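Which chain is which? The protein sequence lines are A and B, in order. Following the numbering used here, the numbering of the first sequence begins with 30 at its first residue and continues without gaps. Following the numbering used here, the numbering of the second sequence begins with 30 at its first residue and continues without gaps. Even for Gly, the Cβ is constructed at its ideal location relative to N, Cα and C. Here the structure is a predicted model, which means the values were calculated and not measured.
Protein chains: 2
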Amino acid sequence: MAESDKNNDISQAPVPRRVGIPAHEVIYQKLREKILYGEFKPGGAVTLQGVADSLQVSLTPIRESVRRLIAERALEFHGNRRISVPKMTQGRLEEIYTARLNLEGELVKRAVNGITEEKLTALESIDHQLDLAISEGDTLNYLKFNFLFHQQLYQMQHSEIILPIVETLWLQLGPSLRVVCGRYGTSGLSDQHKKAIQALRDEDPLAAQKAILDDILQGRQIIFEELSLQNVDFSTI
Amino acid sequence: MAESDKNNDISQAPVPRRVGIPAHEVIYQKLREKILYGEFKPGGAVTLQGVADSLQVSLTPIRESVRRLIAERALEFHGNRRISVPKMTQGRLEEIYTARLNLEGELVKRAVNGITEEKLTALESIDHQLDLAISEGDTLNYLKFNFLFHQQLYQMQHSEIILPIVETLWLQLGPSLRVVCGRYGTSGLSDQHKKAIQALRDEDPLAAQKAILDDILQGRQIIFEELSLQNVDFSTI
DNA sequence: CAATATTTAATTTGATCAAATATCATTCAA
DNA sequence: TTGAATGATATTTGATCAAATTAAATATTG
Chain A
30 MAESDKNNDI
40 SQAPVPRRVG
50 IPAHEVIYQK
60 LREKILYGEF
70 KPGGAVTLQG
80 VADSLQVSLT
90 PIRESVRRLI
100 AERALEFHGN
110 RRISVPKMTQ
120 GRLEEIYTAR
130 LNLEGELVKR
140 AVNGITEEKL
150 TALESIDHQL
160 DLAISEGDTL
170 NYLKFNFLFH
180 QQLYQMQHSE
190 IILPIVETLW
200 LQLGPSLRVV
210 CGRYGTSGLS
220 DQHKKAIQAL
230 RDEDPLAAQK
240 AILDDILQGR
250 QIIFEELSLQ
260 NVDFSTI
Chain B
30 MAESDKNNDI
40 SQAPVPRRVG
50 IPAHEVIYQK
60 LREKILYGEF
70 KPGGAVTLQG
80 VADSLQVSLT
90 PIRESVRRLI
100 AERALEFHGN
110 RRISVPKMTQ
120 GRLEEIYTAR
130 LNLEGELVKR
140 AVNGITEEKL
150 TALESIDHQL
160 DLAISEGDTL
170 NYLKFNFLFH
180 QQLYQMQHSE
190 IILPIVETLW
200 LQLGPSLRVV
210 CGRYGTSGLS
220 DQHKKAIQAL
230 RDEDPLAAQK
240 AILDDILQGR
250 QIIFEELSLQ
260 NVDFSTI
């Protein structure tokens, strides 16, 4: 595999020798965020040693972090002991969106039960920053605030099972979403978020659910067109 | 170590280094099965060193396996660096069953598209062995064949996203299911499996779905009664 | 006696090393 | 030129060790 395909360059800040939180935990969070926001190329190779070198840590905590990400399907473990960022396929995409529609549909229905004014204003603030990112064509911030919006919405009510599952779905979507947004931009994404916020204010769970499901369907439409109609290889930028 | 202390006698010091599948993978499978079939007590502590000792392996591969199981929520990592089998709570149970109904409902609908006579007879064989386990009051085999039935059913059609998620849900249910079955036995579990098999033969996806959803709801009823009405502490045998 | 401080034991954590395995580039034969 | 062997390089893997951290057991104090 060519050097340019490697996803090892994640050196931003050397992991501080901090006490308390274990390195494997810190590294996990760091890698997770990078994958979530599309800083890893679909199909790109990941080597334990490469990650260890770029983070200036020994292999042991890297291994623990990476196995964890493999369990979440954010990374893929091949029989020949190689690790890579999964490529997106049509079947995979279809399953991910089916699961999202089901599970996020449940979460948004429940959200109404846990509304507080603080959480609502936080949600609106995130949505505002999302609008800003869109108007500036800032792909990375678009991805970040779009994720944060959904996360904040689903966190209106405590969820310790379904929400973590949903986050693994976003994690699997991250690398490919970045490619799509990078190519097409984010301008066409008129959002259903405002409708969802209004529905929450009206304490109307079904309206909120419809808005979010439409939001998901709209995103699905875009990424599916990319994958099927143009027959795009998601592993290339 | 001094040179004179080295043992160069080949006949005495064979290095027992396995080849093939990595130990962290084998250990993962082993632990996973134990959790799935309820050999771990809910709330029970798990120590890396304890697992390492019992499996006669060093800590390194154990750590990788356990982090993976933590990511799947089969185990729980506490801030104070302790690991335990999660206790079941009413909220958790409710979320697990909501997710199961949604996701397994999708899988069984799709199953009809991938039917082969081979898979159907395999399914019937599993169901037969399940009946046997029930009639003998064999809790462990009940759990095993009940899981295998659902797994075989959902594998009629390839699923690389939703099925693995569903399996993590079963994994979280394992320890508590064992407790419930151990206390109540398995005799009351009249199964919807026969109806599901017939529906598959009729290529009727909705009937198959209904059968499986009823099966899930029936199981939910039993375990919910245990947890809420009797206010049972699942962490005790 | 109860509550708190101190010591002791057990466990986790991260680095390092040797062995196993895989990848890559080169050579050599057809 | 192609394609299989070969050797060199890189990576993974599992064991081991020292340091950090936590839990427990013991001692101390009011």
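Look at SER188/B: its C-beta is under 8 Å from a C-beta on chain A. A distance below 6 Å between beta-carbons, with the five flanking residues on each side excluded, links PRO204/B to the following residues of its chain, in chain order: GLY67, PHE69, PRO71 and VAL114.
Between THR89/B and THR89/A, the beta carbon gap of about 7 Å places them in contact (Cβ cut-off 8 Å). Considering only ILE112/A, LEU104/A, ASP243/A and GLN227/A, the residue with the shortest C-alpha distance to LEU130/A is ASP243/A.
Annotation for ARG207/B: GLY67 place their beta carbon closer than 6 Å to its own, counting only its chain and skipping 5 residues before and after. Counting the other Cβ atoms within 10 Å of the Cβ of LEU200/B gives 16 or more, which makes it buried.
For the C-beta of ARG121/B, the chain A residues within less than 7 Å are, from N- to C-terminus, GLU189 and ILE190. For VAL55/B, DSSP records no beta bridge to any residue. Straight-line measurement puts the Cα of PRO51/A at about 46 Å from the Cα of ILE163/B.
Among the CB atoms of chain A, none fall inside 8 Å of the CB of LEU235/B. A residue is called buried once 16 or more other Cβ atoms fall within 10 Å of its Cβ, and HIS222/B is buried on that count. Taking 8 Å as the upper bound on Cβ-Cβ separation, chain B lies near residues THR89 and ARG92 of the segment 78-92 of chain A.
Taking the C-beta atoms as reference points, LEU159/B is found nearer than 8 Å to ASN175/B. By the Cβ-count criterion, LEU235/A is exposed, with fewer than 16 other Cβ atoms from all chains shown falling within 10 Å of its own Cβ.
The shortest C-alpha to C-alpha distance from ALA74/A to any of TYR126/A, HIS107/A, ILE56/A and SER94/A is the one to HIS107/A.
Of the residues assessed, HIS179/B falls on the buried side of the cut-off, its CB having 16 or more other CB atoms within 10 angstroms. Listed in chain order, the non-local C-beta contacts of ILE112/A below 8 Å within the same chain comprise ALA74, VAL75, THR76, LEU77, VAL95, ILE99, LEU104, GLU105 and PHE106, local neighbours out to five positions each way being set aside.
Taking a 10 Å sphere around the C-beta of LEU246/B, we find fewer than 16 other C-beta atoms and assign the residue as exposed. GLN238/B counts as buried, since no fewer than 16 other beta carbons sit within 10 angstroms of its beta carbon. For the segment 121-139 of chain A, the set of residues with a beta-carbon nearer than 7 Å to any beta-carbon of chain B comprises ARG121, GLU124, ILE125, THR127, ALA128, ASN131, LEU132 and GLU135, in chain order. By the 16-neighbour rule on beta-carbons within 10 angstroms, GLN181/A is buried. Going by beta carbons, VAL209/A and GLU133/A fall outside the 8 Å limit. The Cβ neighbour count for ASP156/A, taken over all protein chains shown within 10 Å, is at least 16; the residue is labelled buried. Annotated three-state conformation of ILE112/B is strand, per DSSP. With respect to the 8 Å criterion, ILE190/B and ILE125/A are classified as neighbours on the basis of their beta carbons.
DSSP, reduced to helix, strand and coil, places GLU135/B within a helical segment of the structure shown. With fewer than 16 neighbouring CB atoms inside 10 Å of its own CB, HIS187/A falls in the exposed class. Residue contact with chain B for ARG61/A: absent (no Cβ-Cβ distance below 8 Å to any residue of chain B). Close to ILE194/A, with beta-carbon spacing below 7 Å, are these residues of chain B in chain order: ALA128 and ILE194.
Counting along the chain, the unbroken alpha helix (DSSP H) around GLN227/B starts and ends at 222-230.
In the three-state DSSP reduction, ALA103/B falls in the coil class, being neither helix nor strand. Taking C-alpha positions only, GLU254/B is separated from THR118/A by approximately 42 Å. Rounded to the nearest whole angstrom, the CA to CA distance from SER83/B to VAL55/B is 14 Å. LEU161/B is classed as exposed because its beta carbon has fewer than 16 other beta carbons within 10 Å across all chains shown. Restricting attention to alpha helix (DSSP H) runs no shorter than 4 residues, the segment 141-179 of chain B encloses them at 146-164, ordered along the chain.
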